[in-house]
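Student: Chains as they are written, first to last, in my numbering: chain C, 1 to 310; chain Z, 1001 to 1310.
2 protein chains.
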Amino acid sequence: MKEKTQDKKIDVWMVGSIGIDDIATRTENKKNLLGGSLPFATIAASFAGAGVGAVGVVGSDFGRAFQKRWEHFGIDLEGVQRKPGPNFRWACRYDDDMIERTTLKTELGVFADFMPVLPEAYTKAPFVLLGNIQPDLQLHVLAQARKPRFVALDSMNLWIDIARPALEKVIGKVDLVTMNDGEARQLTGKWNLRDCAAEILKMGPRFVLLKKGEHGAFLFTKRDIFIIPAYPVKTLKDPTGAGDTYIGAFIGCMAKARTINTTAIRKALMFASAMAAFCVEGFSTEKMERITRKEVACRVRELMKMTSAT
Amino acid sequence: MKEKTQDKKIDVWMVGSIGIDDIATRTENKKNLLGGSLPFATIAASFAGAGVGAVGVVGSDFGRAFQKRWEHFGIDLEGVQRKPGPNFRWACRYDDDMIERTTLKTELGVFADFMPVLPEAYTKAPFVLLGNIQPDLQLHVLAQARKPRFVALDSMNLWIDIARPALEKVIGKVDLVTMNDGEARQLTGKWNLRDCAAEILKMGPRFVLLKKGEHGAFLFTKRDIFIIPAYPVKTLKDPTGAGDTYIGAFIGCMAKARTINTTAIRKALMFASAMAAFCVEGFSTEKMERITRKEVACRVRELMKMTSAT
Chain C
1 MKEKTQDKKI
11 DVWMVGSIGI
21 DDIATRTENK
31 KNLLGGSLPF
41 ATIAASFAGA
51 GVGAVGVVGS
61 DFGRAFQKRW
71 EHFGIDLEGV
81 QRKPGPNFRW
91 ACRYDDDMIE
101 RTTLKTELGV
111 FADFMPVLPE
121 AYTKAPFVLL
131 GNIQPDLQLH
141 VLAQARKPRF
151 VALDSMNLWI
161 DIARPALEKV
171 IGKVDLVTMN
181 DGEARQLTGK
191 WNLRDCAAEI
201 LKMGPRFVLL
211 KKGEHGAFLF
221 TKRDIFIIPA
231 YPVKTLKDPT
241 GAGDTYIGAF
251 IGCMAKARTI
261 NTTAIRKALM
271 FASAMAAFCV
281 EGFSTEKMER
291 ITRKEVACRV
301 RELMKMTSAT
Chain Z
1001 MKEKTQDKKI
1011 DVWMVGSIGI
1021 DDIATRTENK
1031 KNLLGGSLPF
1041 ATIAASFAGA
1051 GVGAVGVVGS
1061 DFGRAFQKRW
1071 EHFGIDLEGV
1081 QRKPGPNFRW
1091 ACRYDDDMIE
1101 RTTLKTELGV
1111 FADFMPVLPE
1121 AYTKAPFVLL
1131 GNIQPDLQLH
1141 VLAQARKPRF
1151 VALDSMNLWI
1161 DIARPALEKV
1171 IGKVDLVTMN
1181 DGEARQLTGK
1191 WNLRDCAAEI
1201 LKMGPRFVLL
1211 KKGEHGAFLF
1221 TKRDIFIIPA
1231 YPVKTLKDPT
1241 GAGDTYIGAF
1251 IGCMAKARTI
1261 NTTAIRKALM
1271 FASAMAAFCV
1281 EGFSTEKMER
1291 ITRKEVACRV
1301 RELMKMTSAT
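Written out as structure tokens, the structure is:
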């Protein structure tokens, strides 16, 4: 969506979906929201101060207003193609518990024929997030990168069901795999999350990050487990995009730090918890768009205090 | 069940049920297990090195073997009455998820007419756990104590349903109230656990400890929240008694330390998490009876490492 420029610095690029969402909860009903994994992940990453490039596709009905909101965070949109035809649209209704949800509409539009192309300026970026899209496309776009230092992969139950061989192939090529507890159980056929993680680690990645929604997450390596708390939010408005925000904030923080070790990863995960908490306090990316980096830092400190043993 | 002695030192006394349980899981079926809240809570507390007194009732079919296993941990049983008639018996079957369960049998036996009497040697103990029994009985036994420094209260959904006024009265007399997330929602009519805790704190206690099973717990004060992780167990055998173990280990650790401040409480809660994890790794109290204090200390350190931010 943007011209090439010579001087841009891309620390991390991310591929994912770009949607226009309708979200209904018990008390509210919102239409035409900015959605899809990529806006959440990139905006969250921008809070870490990283140079972020986005790879995706939008349709002719994806408005300039959306684009401007996105650009406001300094996110590079050269990798976002604009195609004639309708944008990807999705609608859901949350149950009263705000966890279970029913998908009311999935219209792929231009996303159906998405073929990601990595801009030249992104190819040398050291960090990569392969957001949740068809695993063959994840492989296709990853192949265009020149030896990234750290690649994180997100996926979903649909690909476990219908594209398992491709998914296993891409899992074997990345450094970190993230999924939620239910997906990890579905992928491995194990129930205990330690067993799930052990199975996924055998497929190749060094890190497995299993998310448990409001209950936080576990990071597993072959040797260690790290328990990452979720920040207890006061007002849950819309859980959509929390997982994308989480992994986007994480990789953004890693890309800014440019250090790959357990301490850096733990720090990035606390940052990710704080960002995900802001995400669910508003519809779409709206709350994230209203906060400052100072507020994020404050929440990270609060979370550290809540979990400190002394 | 024991004679009075002059030289005993009771740091904490606990009242609760003493049962004989039949437990069925997907893979195993065990009968005539030591059960009820009191054996779990007292054995867990003994690992902290506290002098523990037990207050409860057993029937004529409560065997000497049970009593010996209990005494092996140095727990004082002067407060345990032996009555003619059948012991309290309970049976349940766990669903495959090992969380949901169906109660198959509840035979109160001598527990139906239980009227707790506090031995003289317990009356000056500084710490008290009012385990889950009828709230009027909790009030009755607490009235026999001489100004304890710290009283913790456990309860259950049944008393919220049928004895709410008495339950609210006892909540107003204690320092710490613990319940699980579902019970807190039932008691307060709120969904968000921060809102639940705020309501319970208004009833009088200084601390509210809300348990989320395998997802850990929150400790709330009027000013602070502490997130307590659950230790990720490798093999879950039987979740029965985990909550009793948790609160018993907590109050035992507090009673041993004899210090009531946030740091001591946080430390005691990490100890409690470690003990509860051992509890669920075996049926009844069996795994707890096979471990050493060194193993517990090791697990506490492991848990600290898993949650350390650096």
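Note that CB positions come from ideal geometry on N, CA and C, so glycine has one too.
Given the structure is predicted, the values throughout are model-derived calculations rather than measurements.
1. From Arg293(C) to Val151(C), what does the alpha carbon distance come to, in whole angstroms?
2. May I ask which residues mark the beginning and end of the beta strand (DSSP E) holding Ala1054(Z)?
3. Taking the alpha-carbon positions, what's the Arg212(C) to Ala54(C) distance?
4. Hey, Thr178(C) and Asp154(C) are a contact pair by Cβ (cut 8 Å); roughly how many whole angstroms apart?
5. Can you tell which of Ala1217(Z), Lys1234(Z) and Met1014(Z) has its C-alpha closest to the C-alpha of Ile1228(Z)?
6. Going by CA-CA distance only, name the one from Ala230(C), Glu183(C) and Tyr231(C) that's closest to Val208(C).
7. Judging by CA-CA distance, which residue of Ala1198(Z), Gly1056(Z), Lys1237(Z) and Cys1298(Z) is the nearest neighbour of Lys1287(Z)?
8. Report the CB separation of Asp244(C) from Phe40(C) in whole angstroms; it is logged as a contact under 8 Å.
9. Using a Cβ cut-off of 8 Å (strictly closer), state whether His215(C) contacts chain Z.
10. Are the C-beta atoms of Ile227(C) and some chain Z residue less than 8 Å apart?
11. Provide the residue span of the alpha helix (DSSP H) that contains Trp1159(Z), from first to last.
12. I'd like the list of long-range same chain contacts for Thr1307(Z), defined as Cβ closer than 7 Å, with 5 residues on each side in sequence excluded.
13. Which stretch, first to last residue, makes up the alpha helix (DSSP H) that contains Glu1295(Z)?
14. Report the start-end ranges of each beta strand (DSSP E) in the segment 94-140 of chain C that is 3 residues or longer and not cut off at the edges.
15. For the segment 289-308 of chain C, which residues have a CB atom closer than 7 Å to at least one CB atom of chain Z, in sequence order?
16. With a threshold of 16 other CB atoms inside 10 Å of the CB of Leu158(C), please say whether the residue is buried or exposed.
17. Considering Cα atoms alone, identify which of Glu1199(Z), Gly1109(Z), Thr1285(Z) and Met1304(Z) is closest to Phe1047(Z).
18. Shortest alpha-carbon distance to Ile225(C) belongs to which of Val1280(Z), Met1270(Z), Ala1198(Z) and Lys1305(Z)?
19. Please name the residues in the segment 1193-1219 of chain Z whose beta-carbon is closer than 9 Å to at least one beta-carbon of chain C, in chain order.
20. If you measure from the beta carbon of Lys173(C) to each beta carbon in chain Z, is any gap under 8 Å?
21. Return the residue from the list Val233(C), Pro119(C) and Val12(C) that minimises the CA-CA distance to Val128(C).
22. Distance check for Arg1301(Z) and Asp1096(Z), CA to CA, integer angstroms please.
23. Using a cut-off of 9 Å between C-beta atoms, extract the partners of Lys234(C) located in chain Z.
24. First and last residue of the beta strand (DSSP E) that includes Ala145(C)?
25. Nearest by alpha-carbon distance to Gln144(C): which of Asp136(C), Leu118(C), Ala125(C) and Ala274(C) is it?
26. So, using beta-carbon positions, are Asp136(C) and Ala91(C) closer together than 8 Å?
27. Report the residue from Lys68(C), Asp175(C), Gly252(C) and Lys169(C) whose alpha carbon sits nearest the alpha carbon of Lys222(C).
28. With distances taken Cα to Cα, identify the nearest neighbour of Glu78(C) among Glu281(C), Phe66(C) and Val52(C).
29. Suppose contacts are defined by Cβ-Cβ distances below 8 Å. Is Asn132(C) in contact with Gly248(C) by that definition?
30. Can you tell me whether Thr1221(Z) is helix, strand or coil according to DSSP?
31. What are the residues that DSSP puts in a beta bridge with Val1177(Z)?
32. Which residue comes first and which comes last in the beta strand (DSSP E) that contains Ile20(C)?
33. Below 8 Å between beta carbons: does that hold for Asn1192(Z) and Lys105(C)?
34. Given a cut-off of 8 Å, decide if Met1275(Z) and Ala1044(Z) are closer than it, judged by their beta-carbon atoms.
35. Please name the residue in Leu139(C), Gln81(C) and Glu199(C) whose C-alpha comes closest to that of Gly56(C).
Tutor: Reading it off the structure:
1. Taking the Cα positions, Arg293(C) is about 25 Å away from Val151(C).
2. Val1052 to Val1058
3. Note on residue identity: the sequence assigns Lys, not Arg, to residue 212(C). The straight-line gap from Cα to Cα measures roughly 26 Å.
4. 5 Å
5. With distances taken between Cα atoms, Ile1228(Z) lies closest to Ala1217(Z).
6. Glu183(C)
7. Lys1237(Z)
8. Yes, they are in contact, since the Cβ atoms of Asp244(C) and Phe40(C) sit about 4 Å apart, within 8 Å.
9. yes
10. yes
11. Asn1157 to Ile1162
12. Pro1229
13. Residues Arg1293 to Thr1307.
14. 101-107 and 127-130
15. Met304, Met306 and Thr307
16. exposed
17. Thr1285(Z)
18. Lys1305(Z)
19. Leu1193, Arg1194, Asp1195, Lys1212, Glu1214, His1215, Gly1216 and Phe1218
20. no
21. Val12(C)
22. 31 Å
23. Neighbours of Lys234(C) on chain Z, chain order: Asn1192, Arg1194 and Asp1195.
24. Element bounds for Ala145(C): n/a, residue is neither H nor E.
25. Leu118(C)
26. no
27. Asp175(C)
28. Val52(C)
29. no
30. coil
31. Leu1153(Z) and Val1208(Z)
32. Gly19 to Ala24
33. Their beta carbons are not under 8 Å apart, which means Asn1192(Z) does not touch Lys105(C) by this criterion.
34. The answer is yes: Cβ separation under 8 Å.
35. Gln81(C)
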